[in-house]
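In UniProt numbering, the protein residues as written are 1 to 181.
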Amino acid sequence: MPALVGGGARALPGEVTLAHHGVLFLDELPEFDRRALEALREPLEAGVVNVSRVAAHATYPARFQLIAAMNPCPCGHEGDEQIPCRCTPAQVARYRARISGPLLDRFDLHVPVDRPEPGAFSAGAVRGEDSAALAERVACARARQIARQGCCNAALTDEHCERWCATDAAGERLLEQAAAR
Numbered sequence: 001m002p003a004l005v006g007g008g009a010r011a012l013p014g015e016v017t018l019a020h021h022g023v024l025f026l027d028e029l030p031e032f033d034r035r036a037l038e039a040l041r042e043p044l045e046a047g048v049v050n051v052s053r054v055a056a057h058a059t060y061p062a063r064f065q066l067i068a069a070m071n072p073c074p075c076g077h078e079g080d081e082q083i084p085c086r087c088t089p090a091q092v093a094r095y096r097a098r099i100s101g102p103l104l105d106r107f108d109l110h111v112p113v114d115r116p117e118p119g120a121f122s123a124g125a126v127r128g129e130d131s132a133a134l135a136e137r138v139a140c141a142r143a144r145q146i147a148r149q150g151c152c153n154a155a156l157t158d159e160h161c162e163r164w165c166a167t168d169a170a171g172e173r174l175l176e177q178a179a180a181r
């Protein structure tokens, strides 16, 4: 846990602080210690992490974008059309229960990813924008956000959202339908 959120004998910063204003990617999310995962809730909500030890107390910045990946089940093949899953329903439930509901609620997007078709990454695939062009588009978008509202969209408060992101009646209905799913 100290490596992730900070700690140790001298209250040192952890990965969440190293990822401040960046991305923290956690692969194989259910394999992390549950206490470490639950410790992510404070920095995700507050943007800081408090590390208290007998000899020291420190508050570190921790405003980051959390991205995580996990298999659908312990064997990794649930829903795979090519390789059958070997897990029992109880094993799948235990595996998924390793991540608490309150932590899952902090993920804005849940995206299932299917096995790619053979050859999907080989020559002939459609090439997207190069990194420099994409970086320029991101920089322009950030500049527009800051010019419009004084901060990036990720830092919008509820009041900012009401002012800058007001939805019409059709948008409200769409949000209600999505929330009902």
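Ideal Cβ positions, reconstructed from N, Cα and C, are used throughout, including at glycine. From a predicted model like this one, the values you see are computed outputs, not experimental measurements.
Whole angstroms is fine: what's the gap from P74's alpha carbon to R86's? Residue numbering aside, residue 74 sits at position 74 when the sequence shown is read from its first letter. Residue numbering aside, residue 86 sits at position 86 when the sequence shown is read from its first letter. Computed Cα separation, rounded: 9 Å.
Segments of 4+ residues assigned as alpha helix (DSSP H) that fall wholly inside the UniProt domain "MCM C-terminal AAA(+) ATPase" (14-109): You should have 15-18, 34-39, 41-46, 89-97, 101-104.
Once DSSP output is grouped into helix, strand and coil, what is the label at G6? Mapped onto the sequence shown, residue 6 falls at position 6. Here G6 sits in strand by DSSP.
Per DSSP, cross-strand counterpart(s) of L12: As a first step, residue 12 must be located in the sequence shown, where it is residue number 12. The partner list for L12 (beta bridge, DSSP) reads G7.
Once DSSP output is grouped into helix, strand and coil, what is the label at R127? Here residue 127 refers to the residue found at position 127 when the sequence shown is read from its first residue. If DSSP states are grouped into helix, strand and coil, R127 belongs with coil.
For the segment 21-35 against the segment 63-73, do three or more pairs of beta-carbon atoms, one drawn from each stretch, fall closer than 8 Å, so that the two count as touching? Counting Cβ pairs under 8 Å, three or more are found: they touch.
E176, enclosing alpha helix (DSSP H) - first and last residue: To locate residue 176, count along the sequence shown from 1; it is residue 176. Element bounds for E176: 169-180.
Please classify V113 as buried or exposed, where buried requires at least 16 other C-beta atoms within 10 Å of its C-beta. As a working note, residue 113 is residue 113 in the sequence shown. So V113 ends up on the exposed side.
Three-state secondary structure (DSSP) of A120: Locating residue 120 in the sequence shown gives position 120, where the first residue counts as 1. Reduced to three states, the DSSP call for A120 is coil.
Taking C-beta to C-beta, are A69 and L29 nearer than 8 Å? The residue given as residue 69 occupies position 69 in the sequence shown. The residue given as residue 29 occupies position 29 in the sequence shown. It is a contact, given that the beta carbons lie within the stated cut-off.
According to DSSP, is V138 part of a helix, a strand, or is it coil? Here the question's residue 138 lines up with position 138 in the sequence shown. V138 falls in the helix class under three-state DSSP.
Could you have a look at C165 and say whether DSSP puts it in helix, strand or coil? Reading the sequence shown from its first residue, position 165 is the one you call residue 165. The answer is coil: DSSP assigns C165 none of H, G, I, E or B.
Cβ of R173 within 7 Å of any heavy atom in the ligand ZN? The ligand ZN is not part of this structure, which contains no ligands at all.
Return yes when the Cβ of A11 is within less than 8 Å of the Cβ of H77, no when it is not. For this step, residue 77 is matched to residue 77 along the sequence shown. For this step, residue 11 is matched to residue 11 along the sequence shown. Not closer than 8 Å, so no.
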